[in-house]
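Please read the structure below before turning to the comments.
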Amino acid sequence: MNLPLDPLKHLSVNARAFLKQPMKLMIDNQFVDACEGKVFPTYDPATSQLIANVSEAGIADVEVAVASANRALVGPWAKMLPNEREAIIRRLADLIEKHADDLAQIESLDSGKPAAQIRAVDIELSIGALRYNAGWPTKLHGQTIPVSAPEMHVYTRREPLGVIAAIVPWNFPLCQACFKLAPALAAGCTVVLKPAEQTPLSALFLANLAIEAGLPPGVLNVLPGFGKVAGQALVEHPGVAKIAFTGSEAVGKHIVRTAASDLKHVSMELGGKNPNVIFADADLDKAAASAAMAIFFYSGQVCAAGSRLMVERKVYERVLEIVMAETAKLKVGHGLSPDTFLGPLISADQFSRVSGFVERAKAQGIECVMGGNKAGGALSDGHFLEPTILLNASDNQEVVADEIFGPVLVVQTFDSIDELTTRANNTGFGLSAGVWTRDVGKAHKVAAALQAGTVWINTYGNFDCAAPWGGYKQSGYGRDNGAEGIEKFLQTKTVWTNCN
Ligand code: ADP
Numbered sequence: 000m001n002l003p004l005d006p007l008k009h010l011s012v013n014a015r016a017f018l019k020q021p022m023k024l025m026i027d028n029q030f031v032d033a034c035e036g037k038v039f040p041t042y043d044p045a046t047s048q049l050i051a052n053v054s055e056a057g058i059a060d061v062e063v064a065v066a067s068a069n070r071a072l073v074g075p076w077a078k079m080l081p082n083e084r085e086a087i088i089r090r091l092a093d094l095i096e097k098h099a100d101d102l103a104q105i106e107s108l109d110s111g112k113p114a115a116q117i118r119a120v121d122i123e124l125s126i127g128a129l130r131y132n133a134g135w136p137t138k139l140h141g142q143t144i145p146v147s148a149p150e151m152h153v154y155t156r157r158e159p160l161g162v163i164a165a166i167v168p169w170n171f172p173l174c175q176a177c178f179k180l181a182p183a184l185a186a187g188c189t190v191v192l193k194p195a196e197q198t199p200l201s202a203l204f205l206a207n208l209a210i211e212a213g214l215p216p217g218v219l220n221v222l223p224g225f226g227k228v229a230g231q232a233l234v235e236h237p238g239v240a241k242i243a244f245t246g247s248e249a250v251g252k253h254i255v256r257t258a259a260s261d262l263k264h265v266s267m268e269l270g271g272k273n274p275n276v277i278f279a280d281a282d283l284d285k286a287a288a289s290a291a292m293a294i295f296f297y298s299g300q301v302c303a304a305g306s307r308l309m310v311e312r313k314v315y316e317r318v319l320e321i322v323m324a325e326t327a328k329l330k331v332g333h334g335l336s337p338d339t340f341l342g343p344l345i346s347a348d349q350f351s352r353v354s355g356f357v358e359r360a361k362a363q364g365i366e367c368v369m370g371g372n373k374a375g376g377a378l379s380d381g382h383f384l385e386p387t388i389l390l391n392a393s394d395n396q397e398v399v400a401d402e403i404f405g406p407v408l409v410v411q412t413f414d415s416i417d418e419l420t421t422r423a424n425n426t427g428f429g430l431s432a433g434v435w436t437r438d439v440g441k442a443h444k445v446a447a448a449l450q451a452g453t454v455w456i457n458t459y460g461n462f463d464c465a466a467p468w469g470g471y472k473q474s475g476y477g478r479d480n481g482a483e484g485i486e487k488f489l490q491t492k493t494v495w496t497n498c499n
């Protein structure tokens, strides 16, 4: 366990300079105080120390930001040539790359996640999303339609959907923002971004870079604030065309219900309880080592976490032994310490929620073979939970059925493919799954049978901005990334011309 004595000393000059500035809302390319003058604190979850007070957007700020985004929709942004839009999106990607270390450190301090992992994963995916989508503006062509009417020339145009409210969670703050911002900009939309209240800082750093990249005023507005106030006001606002949301199932469903009143478009990337399946004929060393990473990466605070490990009974003991040995190697610590693998949970609330699952599991007789306790010593002021492994839980118990969103792995056994697929699919979730086997036929059969938006075969947790990502069932609808990712920011206009 380790903790830098003074986390701020680990920050770059740029990151420190950024944190000294007042943290304001960004509307119309201006940094402004909230109309009501309110601020809210953001804390380092590893130490519980205050990092900054941040302007808190209220209903009036949402009004101003949405008006700005609607003006921008018909301003210079709308008149820009596709290759000019491409150039700006590419410049934003280049600026993120230039400030990769600064951003990774700021995000680490705010979220608790290891800076090295943020640099390698979140920042790369953010840059990747922008560069991938930068290629789209020049390729968004319509069609000519051979209608069965004389002398008619009919064609379609692909037009931007309008103002997008991007509402993002605290576990991948920058990356989730870019997954929504990049296709929205490529489609010609404008955006009001509301970062999660726990992690507002990287979005404000991004706002600076967006201005530097040359986005015209109003094309991106950033409103730090609370879900129930700024988030809710965005969802209710008639000037917003679409809500692009990633977050909890409960809030997602609430947003869908609210957005239905004026038929706003919605895309939802919600939770997951993802089965990671190891067959007896798999490369067990590789599969089991990967299984530990699949759950403990970012302390399990990942919707795609491989939180339900299902192992063919005859190799259960062997797999468990490797998973435990791999887990024992993982360092818990401050995200700014270079050898940290698991940072803290995001907040005291999240810590109580996750440790509540573990305590109830123990009370129900579920065996906890590893972890389960709050980390003490130098880490006792933070929200650290030791990596935890639970055994012998049945499918209907909450640790198997519910998304825990913490460093808690549940390991179960199965005996046949049919039993496995029936049990793995017997859940409301359907985000992702892993399958480990050397039998190619079995791998594809199980991949087809699993009800999940993504299935990884002999690997886990891979992402690419060209590969669609999203859920089946109550894990959501709509896809981020890939060609499908930009579709949801466009609408089709059909034009009829009488050539007679
Ligand atoms: P998590 O459980 O990961 O914190 P939430 O679904 O609570 O996920 O939050 C995800 C995002 O949704 C955050 O930006 C949060 O502020 C926002 N949010 C929460 N409640 C609402 C709401 N009623 N309307 C709009 N956004 C909301």
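Numbering (numbering that gives the first Met the number 0) for the sequence shown: 0 to 499. C-beta atoms are modelled at their ideal positions from N, C-alpha and C, and glycine is treated no differently. Computed from a predicted structure; not experimentally measured.
- Check the Cα spacing between THR493 and each of VAL153, GLY342, GLY355: the tightest is with VAL153.
- Non-local C-beta neighbours of VAL445 in its own chain, meaning closer than 6 Å and more than five positions away in sequence, comprise VAL434, ordered along the chain.
- Within the chosen limit of 7 Å, the ligand ADP does not reach the beta carbon of SER474 with any heavy atom.
- With fewer than 16 other Cβ atoms inside 10 Å of its own Cβ, GLY440 counts as exposed.
- Between the segment 260–279 and the segment 465–476 there are three or more inter-stretch CB-CB distances shorter than 8 Å, so the stretches are counted as touching.
- Fully contained in the segment 231–266 are the following alpha helix (DSSP H) runs of length 4 or more, in chain order: 231–235, 248–258.
- As DSSP reads the structure, ASN220 sits in a beta bridge with VAL191.
- Counting only runs that start and end inside the segment 414–472, the beta strand (DSSP E) elements of at least 3 residues fall at 431–435, 453–456.
- When the beta-carbon positions are compared, VAL276 and ALA423 come within less than 8 Å of each other.
- GLY364 sits exposed, since fewer than 16 C-beta atoms from the chains shown fall within 10 Å of its C-beta.
- The straight-line gap separating the alpha-carbon atoms of ASN395 and ASP282 is approximately 30 Å.
- Leaving aside the five residues that flank ALA287 on each side, the residues in its chain whose CB is nearer than 6 Å to its CB run, in chain order, VAL318, ILE321, VAL322.
- Here LEU214 has ILE87 as same chain residues with Cβ atoms under 7 Å from its own Cβ, once five neighbours each way along the sequence are excluded.
- A check of alpha carbon separations from GLY246 across THR257, LEU184, PHE171 identifies PHE171 as the nearest.
- Around the Cβ of PRO337, a 10 Å sphere holds fewer than 16 other Cβ atoms; the residue is exposed.
- Under the three-state reduction of DSSP output, PHE17 falls in the helix class.
- Annotation: the continuous alpha helix (DSSP H) that includes TRP76 extends over 75–78.
- Distance from the CA atom of LEU80 to the CA atom of PHE462, rounded to whole angstroms, is 30 Å.
- Annotated three-state conformation of PHE30 is strand, per DSSP.
- Annotation: the continuous beta strand (DSSP E) that includes CYS367 extends over 366–369.
- Looking only at TYR42, ALA229, THR339, the smallest Cα-Cα distance to GLN197 is reached by TYR42.
- Taking GLY427 as the centre and dropping the five residues before and after it, the same chain places the C-beta of LYS472, GLN473 closer than 7 Å to its C-beta, in chain order.
- Relative to the non-hydrogen atoms of the ligand ADP, the Cβ of VAL234 comes within a distance shorter than 7 Å of at least one.
- Distance check between ALA181 and each of LEU102, LEU129, PHE278 places LEU129 closest, using alpha-carbon atoms only.
- Residue pairing for ARG156: DSSP places it in a beta bridge opposite LYS492.
- DSSP places SER54 within a strand segment (E or B) once states are collapsed to three.
- Beyond the five residues adjoining it in sequence on each side, ALA92 comes within less than 6 Å, by CB distance, of ILE126, LEU129, ARG130 in the same chain, given in chain order.
- Listed as beta-bridge partners of ALA165 by DSSP are LEU192, ALA243.
- Distances between the C-beta of GLN231 and the heavy atoms of the ligand ADP include at least one below 7 Å.
- In this structure, PRO274 and ALA432 form a Cβ contact; the two beta carbons are roughly 5 Å apart against a cut-off of 8 Å.
- In terms of side-chain proximity, the C-beta atom of GLY226 is found nearer than 7 Å to a non-hydrogen atom of the ligand ADP.
- Judged by beta-carbon spacing, ALA68 lies within the 8 Å limit of VAL191, meaning their Cβ atoms are closer than that value.
- Set against 7 Å, the gap from the CB of VAL167 to the closest heavy atom of the ligand ADP is smaller.
- Ranked by Cα distance from GLY134, the options ARG118, LEU184, SER147, ALA119 are led by LEU184.
- Counting along the chain, no beta strand (DSSP E) covers THR198, and no H or E run does either.
- Nearest Cα to ASP284 within the set ILE105, THR458, VAL353: THR458.
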